[in-house]
Every structure is written in structure tokens, then in C-alpha cells.
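Under my numbering, the residues of the sequence shown are numbered 1 to 592, in order. Input: a single structure, listed below in C-alpha cells.
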Amino acid sequence: MATNTVPWNRYEHELHFLYILRWIMGFTALIAFLLLAIDYGVYLDSQSLAWVETGQVIVGYLFLGGYVVQLIIRRDRWKYLRHNKFKYAVSLGMLLEIAIVYGFQIDLRVVRLLQDLDSITFRHPQILLFQLYIFSNVLRWVVKISQSLAQYNVSPAHFILISFGSAILLGAALLLLPKATTASIHPIDALFTATSAVCVTGLIVVDTATAFTKLGQIFILLLIQFGGLGIMTVTAFFSLLIGQRMTGREQLLLGDMLDTRQVAQLGALLRTIFFTAISIEACGIGLLYLSWKEYLPADASLYTAFFHAISAFCNAGFSTFPDSLMGFATNMKINFTVTGLIILGGLGVGTLRNMGHACVNALKEKRTTSLSVQSKLVLLMTALLLIIGMSLFFMLEYTNTLAEYPWQSQALIAFFQAVTFRTAGFNTVDFGKVKESTLMVGIVLMFIGAGPGSTAGGIKVTTLAILLATVVSAARGQTRLELFHRTIPTMVLHQTLVVVTLYLSLMMSVSLLLSLTEPRFRLIELLFETVSALGTVGLSTGVTPHLSVAGKIFIIITMFAGRVGPFTLALAIGQRQRTERYRYPEEKVQIG
Numbered sequence: 001m002a003t004n005t006v007p008w009n010r011y012e013h014e015l016h017f018l019y020i021l022r023w024i025m026g027f028t029a030l031i032a033f034l035l036l037a038i039d040y041g042v043y044l045d046s047q048s049l050a051w052v053e054t055g056q057v058i059v060g061y062l063f064l065g066g067y068v069v070q071l072i073i074r075r076d077r078w079k080y081l082r083h084n085k086f087k088y089a090v091s092l093g094m095l096l097e098i099a100i101v102y103g104f105q106i107d108l109r110v111v112r113l114l115q116d117l118d119s120i121t122f123r124h125p126q127i128l129l130f131q132l133y134i135f136s137n138v139l140r141w142v143v144k145i146s147q148s149l150a151q152y153n154v155s156p157a158h159f160i161l162i163s164f165g166s167a168i169l170l171g172a173a174l175l176l177l178p179k180a181t182t183a184s185i186h187p188i189d190a191l192f193t194a195t196s197a198v199c200v201t202g203l204i205v206v207d208t209a210t211a212f213t214k215l216g217q218i219f220i221l222l223l224i225q226f227g228g229l230g231i232m233t234v235t236a237f238f239s240l241l242i243g244q245r246m247t248g249r250e251q252l253l254l255g256d257m258l259d260t261r262q263v264a265q266l267g268a269l270l271r272t273i274f275f276t277a278i279s280i281e282a283c284g285i286g287l288l289y290l291s292w293k294e295y296l297p298a299d300a301s302l303y304t305a306f307f308h309a310i311s312a313f314c315n316a317g318f319s320t321f322p323d324s325l326m327g328f329a330t331n332m333k334i335n336f337t338v339t340g341l342i343i344l345g346g347l348g349v350g351t352l353r354n355m356g357h358a359c360v361n362a363l364k365e366k367r368t369t370s371l372s373v374q375s376k377l378v379l380l381m382t383a384l385l386l387i388i389g390m391s392l393f394f395m396l397e398y399t400n401t402l403a404e405y406p407w408q409s410q411a412l413i414a415f416f417q418a419v420t421f422r423t424a425g426f427n428t429v430d431f432g433k434v435k436e437s438t439l440m441v442g443i444v445l446m447f448i449g450a451g452p453g454s455t456a457g458g459i460k461v462t463t464l465a466i467l468l469a470t471v472v473s474a475a476r477g478q479t480r481l482e483l484f485h486r487t488i489p490t491m492v493l494h495q496t497l498v499v500v501t502l503y504l505s506l507m508m509s510v511s512l513l514l515s516l517t518e519p520r521f522r523l524i525e526l527l528f529e530t531v532s533a534l535g536t537v538g539l540s541t542g543v544t545p546h547l548s549v550a551g552k553i554f555i556i557i558t559m560f561a562g563r564v565g566p567f568t569l570a571l572a573i574g575q576r577q578r579t580e581r582y583r584y585p586e587e588k589v590q591i592g
């Protein structure tokens with residue numbers, strides 16, 4: 001009697017096995033991350049440390065074995081090898097280094113600074129090799145998760161919320177590690193600090209200088225850098241760096257987030273973003289190092305310069321000094337370096353790139369590339385707001401916080417506050433002592449913010465420019481909005497009204513809630529705190545450390561909304577944009 005048998009499909013079995021292996025490798029990456037976090041973030045006795053190190057070695061071998069099995073079982077192994085050159089090159093290097101260490105019995109002791117940057121611990125090079133190897137694999141899996149998420153039908157707005165939210169939660173967990181703090185902190189304080197760092201705000205509920213160890217400060221700095229550049233941008237750049245090509249869906253998603261339709265040039269754009277950021281930050285580190293050498297030892301001045309250069313360019317406002325930069329209020333070199341970094345970070349990559357192209361073409365005597373309307377508006381409004389902010393601060397505080405300084409220092413301090421008001425969060429005066437009129441000026445400047453596509457918050461200077469230009473255009477009876485011989489689309493006007501309305505609504509709502517939860521503070525102080533959080537500025541009159549748990553949660557939500565943008569938040573909550581296929585008859589409505 002014949003029986004029906006299902007033919008054995010080797011290809012389906014391969015896919016099923018590779019699917020299971022992929023999950024095993026993903027779980028291994030999670031274990032690797034936890035082992036690294038425990039090793040570097042938890043105080044361990046010698047026996048516990050030995051167990052953790054053994055686990056790291058096992059995880060390293062699991063990665064090696066898994067990659068070998070993946071290569072053996074695949075039919076298209078050579079094509080797969082070409083597309084995954086990075087992980088196999090690193091794995092091969094790992095095997096060679098292990099062979100060298102074992103073969104020649106190298107008994108060197110390597111300084112491991114990351115164990116605890118306040119003291120020096122020694123460790124065998126083999127352990128360091130395994131740690132570097134598993135860290136590279138964890139990094140690769142972070143990129144892989146980002147790519148996998150991009151494959152789903154996720155809108156840019158939802159992706160931004162997910163990526164920033166994940167970074168905040170991960171950052172809060174890292175800041176709760178025992179070695180990250182000098183004393184244990186409340187989980188809400190860790191979440192607040194992580195949100196402030198990822199959202200490049202700078203508001204703090206615990207002192208960064210004294211509450212966190214060097215390791216904790218480095219965690220904060222990494223969150224600032226990732227948050228400033230954008231989580232998706234960072235993961236996409238690492239994807240290119242390790243040789244993994246972006247999928248079509250990922251390219252479209254990233255192109256939408258970076259506001260470019262030239263998907264084919266995304267790689268060049270990402271390299272430009274990172275090269276620009278790293279170059280500017282490197283220059284800032286060098287200049288600040290030379291300035292702080294006059295006050296600090298060489299190693300301390302280098303670390304301080306490194307921290308503040310990144311914090312300034314990302315417009316974060318975090319400082320390793322308890323009183324921010326008040327101790328250097330009259331130092332021209334430090335002030336101009338920090339303000340220069342803040343301004344460049346606040347212009348936005350698009351404007352910086354456009355300026356670079358214009359300068360190159362001008363040097364080559366070409367006229368093909370000129371400044372775009374957006375770049376002109378950003379530069380014009382930035383200069384105008386700096387002049388207005390500096391003048392008003394100088395006049396209002398001349399007999400108050402500036403009274404003890406000579407006029408040259410008064411002008412320098414006024415200029416610094418005009419710059420930092422717009423998004424940075426550093427301060428060289430005590431904002432708990434400034435006049436209420438000065439706080440109102442600060443609220444307006446913080447509400448406006450800096451350039452679009454930058455690390456800054458606020459409604460953006462282009463939004464203000466469009467709003468003012470619309471008023472002038474309406475007063476002249478014009479039916480179209482024209483700037484620099486270009487017509488601005490009607491959709492931009494709609495978006496301008498939406499952004500301003502949402503910002504005002506959030507500002508008033510949060511201020512009202514804070515007035516209920518924090519009755520001991522003046523309304524002007526709470527309004528200043530709210531706008532500082534919403535504009536991701538980070539300036540405070542001293543309210544932040546004394547907020548209740550409810551108040552801290554309100555500010556956390558406000559910082560998050562300010563970083564991702566209320567417009568993006570509305571798009572994520574609402575429905576997808578669609579084009580109506582009908583049009584109702586028009587009817588005029590009286591306004592004003």
C-alpha cells in the first residue's frame with residue numbers, strides 16, 4: 001500500500017534553522033550587554049568578577065561559533081560573507097589574537113580605565129579582547145534591531161518616538177548602576193537625567209558634578225551625543241561603518257527624517273553630518289583644553305574640555321562644574337569657544353552644509369550654488385535675535401547681576417546669556433537673582449529657539465520668520481508669501497500655525513499643572529521652567545531640584561515633547577497624512 005510522503009525541503013529547513021539561530025544570537029547579544037553592564041557598573045568581589053569574566057568568554061565563543069555555523073549552513077555563503085565583512089573580519093581578528101595570546105603566553109597587564117575611571121584596575125589582555133569583541137557584536141545587534149524596526153510599516157513620527165523613548169529608558173537603567181553614581185539616586189531622578197540628556201536639555205535634579213562618577217558622566221555624554229545627532233542617524237551611520245547596507249524601507253524612512261528626497265545620497269549626507277559634528281567638536285575640545293589648562297591639571301582639563309565641547313555643540317547645557325560656567329564668566333576664550341559651539345550647533349546641519357557649498361563655489365568662482373531661503377532666514381534671524389537678546393539683557397541687568405563687573409565683562413556676559421537663552425542651558429550668572437523682566441525676555445527667546453534640523457529646540461527661527469513675514473504680507477494685501485524672490489508654499493504656513501499653536505498649548509497646560517503641584521514657587525518661575533524644558537534649553541531659576549515627583553514627571557514629558565517636536569508628536573498620535581479627493585464650496589468667516 002502506497003503512502004503519501006511530504007518531500008523533504010532542505011531550503012525550508014535551512015531557513016527555519018537560521019531563524020532559530022538568529023533568535024539565539026539575539027538572546028546572546030542581550031546576555032553580553034548585561035554582563036558588560038554588570039562588569040563595569042556593579043561593585044563585585046573577586047569570585048563574582050571571575051564568574052562574570054567566564055560568562056563573557058563563553059558569550060564570545062558563542063558568537064564565534066554562531067557565525068561559523070551561519071556561514072557553513074548557507075548556500076549563498078560567499079555572497080553572505082561579502083555582505084557581512086565586518087563581523088567576520090572582527091571574528092577572524094579575534095581568533096588570531098587569542099591564538100597569539102595563548103601561543104606566546106603573553107603575560108601583560110593592561111590598564112582598564114573603564115572599570116572605574118577614578119582608580120586603575122589591571123586585567124589580562126584576553127579578557128579585554130573578549131569584551132571588545134562582544135561589545136562590537138552588541139553594537140551590531142543594536143543596528144540590526146533598528147533596521148528590523150524600519151522594515152515594519154512605521155511612520156517617521158512613530159520611529160522617532162520609539163527610538164528616543166528606548167534611548168531614555170536604557171540611559172536611565174545605566175545611570176542606576178552602582179558605579180555610575182557616588183550615592184544611590186531615585187529612579188525618577190535617573191529617568192529625569194536620562195531624558196534631559198537624550199533630549200539635550202540640561203535641566204538637572206541632581207548635581208552632575210557631584211552625584212555622578214566619571215562613568216556616570218560618560219553615560220550622560222553618550223546620551224547627549226546620540227540624542228543630539230539623532231538615534232536613527234547614529235544607527236544608520238554605524239550600519240554603513242560596519243559594512244551593512246541600508247534597506248530600501250530604511251533609506252526612505254531616514255530620508256524622510258532628514259528631510260531629503262535624494263535617497264541615493266544618504267550615505268554621503270550621513271558622512272557629512274558626522275564629519276561636520278566631529279570636526280567642530282574636535283576644534284572645540286582643543287580650544288577649551290588650552291583655556292582650561294590655566295585652571296586645571298592636564299588630564300582634568302582634557303576631560304573637562306571633552307565633556308563641555310560635546311555638551312555645547314549639542315546644545316545640551318550639562319556641565320561638570322556645580323555652578324555651570326559661572327566661575328569663568330569673564331574668561332573671553334572659554335566664553336567665545338562655548339558660544340561658538342552653541343551657535344554652530346544651533347544653525348543646523350542643513351544650513352552648515354549649504355554654507356559650506358556656497359563657500360567652496362565662491363572660492364572656485366562658480367555661481368551654481370547660493371544660500372537657500374532657509375539658510376538665509378536662519379542666519380538673519382540668528383544674528384537679529386542675538387543682538388536683541390544681548391541688548392535687552394545688558395540694559396535690564398546693568399544695575400543688577402552685572403553691576404559688579406566692568407563694562408567689557410558686562411557685554412561678554414550679556415552676549416553669553418543671549419546665546420545660551422536660545423537653547424543651550426549654560427549660564428554665567430545666577431538666574432535665581434535676575435529680574436522678572438529678564439526672565440520674560442528669556443522665555444521669549446527660549447520659546448523661539450534656533451535653526452531647524454539642529455540640536456536646538458523651540459518653535460525654530462524659521463517659524464518665527466514665516467510668521468512675521470505672513471503678517472507683513474497680509475498688511476500689504478498680498479495673496480502669496482514671498483521671501484528672497486521665492487514663493488513659500490501654503491502648506492508651510494499651515495505647519496507654522498500648527499507648531500506655534502501646539503507649543504503655546506503645551507506651555508500653558510504644563511505651567512498650569514506645575515502651579516497646582518508646586519504652589520510654593522512663583523508663576524513666572526514655573527513658566528520659565530516649563531519653556532526651558534519645552535525649548536530643550538536647560539536654564540533654571542533653581543526650581544528643578546525641588547520639584548515634587550509629579551512635577552518631575554510633567555517636566556520629563558515636556559522635555560520629550562520639546563525634543564521630538566509637538567508637531568511630530570501630533571502626527572504620531574493622529575492619523576497618517578492623506579489627500580482629500582473632494583473640495584467643499586468656500587465660505588468666508590470674519591476674524592479679528
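In this text, a Cβ means the ideal position worked out from N, Cα and C, and glycines have one as well. A quick note: this is a predicted structure, and the numbers were derived from the prediction, not measured.
Q | Range of the contiguous alpha helix (DSSP H) that encloses CYS199 | A | Annotation: CYS199 is outside any alpha helix (DSSP H) and is labelled neither H nor E by DSSP.
Q. Just reading off the alpha helix (DSSP H) that PHE554 is part of, what are its end residues?
A. For PHE554, the enclosing alpha helix (DSSP H) covers residues 549-564.
Q) By a C-beta neighbour count over all protein chains shown, 10 Å radius and 16 as the cutoff for buried, is CYS314 buried or exposed? A) For CYS314, the number of other beta carbons within 10 angstroms of its own is at least 16, and it is reported as buried.
**Q.** CB of ILE185 within 8 Å of CB of ALA211, strictly
**A.** Cβ atoms of ILE185 and ALA211: closer than 8 Å.
(Q) Could you check whether the stretch 415-427 touches the stretch 341-353, counting it as contact only if at least three pairs of C-beta atoms, one from each stretch, sit closer than 8 Å? (A) At 8 Å Cβ cutoff, the stretches touch.
Q. Does the beta-carbon distance from MET355 to THR428 come in below 8 Å?
A. No, the Cβ-Cβ distance between MET355 and THR428 is not below 8 Å.
Q) For the candidate residues PRO452, LEU266 and THR201, whose alpha-carbon lies nearest to that of SER540? A) Ranking PRO452, LEU266 and THR201 by Cα distance to SER540 puts THR201 first.
Q: Specify the secondary structure class of ILE168 as computed by DSSP and reduced to three states.
A: For ILE168, the three-state secondary structure derived from DSSP is helix.
Q. Do you know whose CA, among ALA550, PRO297, THR276 and LEU302, lies nearest GLY286's CA?
A. Closest in alpha carbon position to GLY286, among ALA550, PRO297, THR276 and LEU302, is LEU302.
Q.
Assuming the contact rule is C-beta atoms closer than 8 Å, THR235 and VAL349 should be a hit. Round their C-beta distance to whole Å, please.
A. For THR235 against VAL349, the beta-carbon gap comes to about 17 Å, at or over 8 Å, which does not count as contact.
**Q.** 8 Å CB neighbourhood of MET440 in its chain, flanking five on each side removed
**A.** Closer than 8 Å at Cβ, skipping near neighbours: ILE524.
Q. Once you ignore the five residues that flank THR320 on each side, which residues in its own chain have a CB closer than 7 Å to its CB?
A. Answer for THR320: THR208, ALA209, GLN217, THR304 and PHE307, listed in chain order.
Q: Determine the DSSP secondary structure at GLU482, reduced to helix, strand or coil.
A: In the structure shown, GLU482 adopts extended strand secondary structure according to DSSP, grouped into three states.
Q.
Taking its Cβ as the centre, do 16 or more other Cβ atoms sit within 10 Å of TYR67, making it buried, or is it exposed?
A. Taking every protein chain shown into account, the CB of TYR67 has 16 or more other CB atoms within 10 angstroms, so this residue is buried.
(Q) Quick check on the DSSP output: what are the complete alpha helix (DSSP H) runs of length 4 or more inside the stretch 318-368, in order along the chain? (A) Note on the stretch 318-368: whole alpha helix (DSSP H) runs with a minimum of 4 residues are 332-347 and 349-363, in chain order.
Q: Give the DSSP-derived three-state secondary structure of THR593 in the structure shown.
A: Any property of residue 593 remains undetermined from this structure, which presents the chain solely from 1 to 592.
Q: Classify PHE415 as helix, strand or coil using the three-state DSSP reduction.
A: The three-state reading of DSSP puts PHE415 in helix, counting H, G and I together.
Q.
On the criterion of 16 or more Cβ atoms from any shown chain inside 10 Å, does GLN225 qualify as buried, or is it exposed?
A. Taking every protein chain shown into account, the CB of GLN225 has 16 or more other CB atoms within 10 angstroms, so this residue is buried.
Q) LEU229: buried (16+ other C-beta within 10 angstroms of its C-beta) or exposed? A) LEU229 is buried by the Cβ-count criterion.
Q) Nearest CA to the CA of GLU14: which residue from THR487, ALA37, VAL59 and ILE72? A) When only C-alpha atoms are compared, the closest one is ILE72.
**Q.** Exposure of CYS359, with buried meaning 16 or more beta-carbon neighbours within 10 Å
**A.** When all chains shown are included, CYS359 counts as exposed.
Q.
In the DSSP output, what is PHE212 paired with across the bridge?
A. DSSP, once it has assigned bridges, lists THR181 as partnering PHE212.
Q: Give the single residue among VAL57, PHE416, ALA268 and PHE164 whose Cα lies nearest to the Cα of PHE135.
A: The residue among VAL57, PHE416, ALA268 and PHE164 with its C-alpha nearest the C-alpha of PHE135 is VAL57.
Q | One or two residues paired with THR487 in a DSSP bridge | A | Checking the DSSP bridge columns, you'll see THR487 partnered with GLU482.
Q.
Measuring alpha carbon to alpha carbon, tell me which residue in LEU481, ILE31, ASP45 and PHE63 is nearest VAL90.
A. When only C-alpha atoms are compared, the closest one is PHE63.
Q: Would you tell me roughly how many angstroms separate the C-alpha atoms of TRP141 and ILE278, rounded to the nearest one?
A: Cα to Cα, TRP141 sits roughly 24 Å from ILE278.
Q. So which of ILE204, THR351, MET332 and ILE310 has the shortest CA-CA distance to LEU269?
A. For the residues ILE204, THR351, MET332 and ILE310, the minimum Cα distance to LEU269 belongs to THR351.
(Q) Let me confirm a value: THR455 is counted as buried when at least 16 other C-beta atoms fall within 10 Å, else exposed. Which label applies? (A) Under a 10 Å Cβ-count criterion, THR455 is classified as buried, with 16 or more other Cβ atoms of the shown protein chains found around its own Cβ.
Q. What is the rounded straight-line gap between the Cα of VAL472 and the Cα of VAL499?
A. Cα to Cα, VAL472 sits roughly 20 Å from VAL499.
Q | Residue range of the alpha helix (DSSP H) that includes GLY66 | A | Unbroken alpha helix (DSSP H) run through GLY66: 46-73.
Q. Near ASP118, which residues of its chain fall below 7 Å by C-beta distance, leaving aside the five closest residues on each side in sequence?
A. Residue placement at ASP118 is flagged as unreliable, the pLDDT there being 42, under the threshold of 50; a coordinate-derived value is accordingly withheld.
Q: Can you tell me which of the three DSSP states PRO452 falls into?
A: Residue state, collapsed to three classes: coil.
Q) To the nearest angstrom, how far is it from the Cα of LEU516 to the Cα of THR28? A) Cα to Cα, LEU516 sits roughly 48 Å from THR28.
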